[in-house]
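Numbering (my numbering), first residue to last: 816 to 1147.
Report on the structure given below.
This is the structure in structure tokens:
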């Protein structure tokens, strides 16, 4: 990213207006080096000073306004004369305001350039759809439903780095001089040439990795993590920041590539989330049912009703459709 693009990201972060993907880009940039973190700290310090100044002015405004009201109130019993306003406090407030505006303009000119080129190319697979995409280096990505990639302009310049949220299957063209890196917020994967499935949906406590070819370094910025070879799988627990080995089960982890979802003793809450992404629906269920474990295979090329018909027979519940909603209820 250019300096102007970085400054825009920092400004949005400090204002609390940055999107999820912009926060991911900023986090990845901060982790690239100490100079980046120092630049961020300097701008944050300027913003903090502005915030403190605004707070001090607010206190001054309240005190001065009380004096104004006292003067006006004291003049309420006299006739034919206007109360004299305390101009000195008002002038002090005006001077402070001008100072605040001056610092604000300085911050704006530092962070907001005249032109704002796109920060990154955003490739999206919306709910209910999957997407095949070819990266500039020829690497292939298959995006699952409700997923996206962020590809910065610097992709392929020294390294092939991008960000991802959701689920994707990568087939990476081998290039020893340009490592392929996928940032997923709290962790990332680093490869030279391989094929792997990465599942990192927003809000999920677990990030899953399954490698079908080559080898992948699965790590974060605090630890080396794990090296995951072909025919192996691993998970990253986001609450504890711990990596762990996991059973390699491509028939479940990668079934979506063949138009299926395979569940084995999976909580219904997770199954409902997966179906909501794949069919662009919303499942409304009775309290407690989400904890029930269930096993099934869903053909994504068929209607979602088939799954809920089987579920209703197994659990003794009923369901009905209301637009894009599937509403479950007790059969009694």
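Glycine included, C-beta positions come from ideal geometry on N, C-alpha and C.
Local Cβ density within 10 Å of residue i, reported as buried at 16 or more and exposed below that
i            : result
residue 823  : buried
residue 1099 : exposed
residue 975  : buried
residue 950  : buried
residue 1055 : exposed
residue 1137 : exposed
residue 1002 : buried
residue 1000 : buried
residue 1062 : exposed
residue 849  : exposed
residue 967  : buried
residue 1072 : exposed
residue 1148 : Outside the shown range of the chain (816 to 1147) lies residue 1148, about which nothing can therefore be said.
residue 1114 : exposed
Own chain partners of residue i with C-beta closer than 6 Å, once the 5 adjacent residues on each side are dropped
i            : result
residue 1005 : 994, 996 and 1032
residue 1023 : 1014 and 1050
residue 1060 : 1049
Local conformation of residue i per DSSP, three classes
i            : result
residue 970  : coil
residue 1106 : helix
residue 950  : coil
residue 859  : helix
residue 987  : coil
residue 1115 : coil
residue 1120 : helix
residue 1141 : strand
residue 1081 : strand
residue 1094 : helix
residue 1061 : strand
residue 1024 : strand
residue 960  : coil
residue 1036 : coil
residue 839  : helix
residue 999  : coil
residue 1133 : strand
residue 1014 : strand
residue 978  : strand
residue 847  : coil
residue 1048 : strand
residue 1125 : helix
Presumed contact (8 Å Cβ cut-off) between residue i and residue j, rounded CB distance
i            : j            : result
residue 859  : residue 840  : Actually they do not touch by this definition, with Cβ atoms about 17 Å apart.
residue 940  : residue 955  : Contact flag wrong, Cβ pair sits at about 14 Å.
residue 1030 : residue 1009 : 6 Å
residue 984  : residue 1069 : 7 Å
residue 960  : residue 944  : 6 Å
residue 938  : residue 958  : 7 Å
residue 1082 : residue 1105 : 6 Å
Cβ neighbours of residue i in the same chain (closer than 8 Å, five flanking residues each side left out)
i            : result
residue 1133 : 1127, 1143, 1144, 1145 and 1146
residue 852  : 845
residue 838  : 828
Close-in-space but distant-in-sequence residues of the same chain around residue i (CB under 7 Å, 5 per side omitted)
i            : result
residue 846  : 1036
residue 873  : Its pLDDT being 47, under 50, residue 873 is placed unreliably by the model, and the measurement read from it follows with that caveat. Contacts found: none.
residue 1028 : 1009, 1010 and 1045
residue 991  : 1007
Closer than 8 Å to chain B by CB, residue i
i           : result
residue 844 : The question asks about chain B, but that chain is absent: this structure has only one protein chain.
Touching or not, the stretch 1107-1116 and the stretch 1071-1087, by the rule of three or more beta carbon pairs under 8 Å?
yes
Can you confirm whether the stretch 1045-1063 touches the stretch 978-987 when touching is taken to mean that 3 or more C-beta pairs between the two stretches lie within less than 8 Å?
no
State whether the stretch 1080-1098 contacts the stretch 1114-1122, with contact taken as three or more CB pairs (one from each stretch) at a distance under 8 Å.
yes
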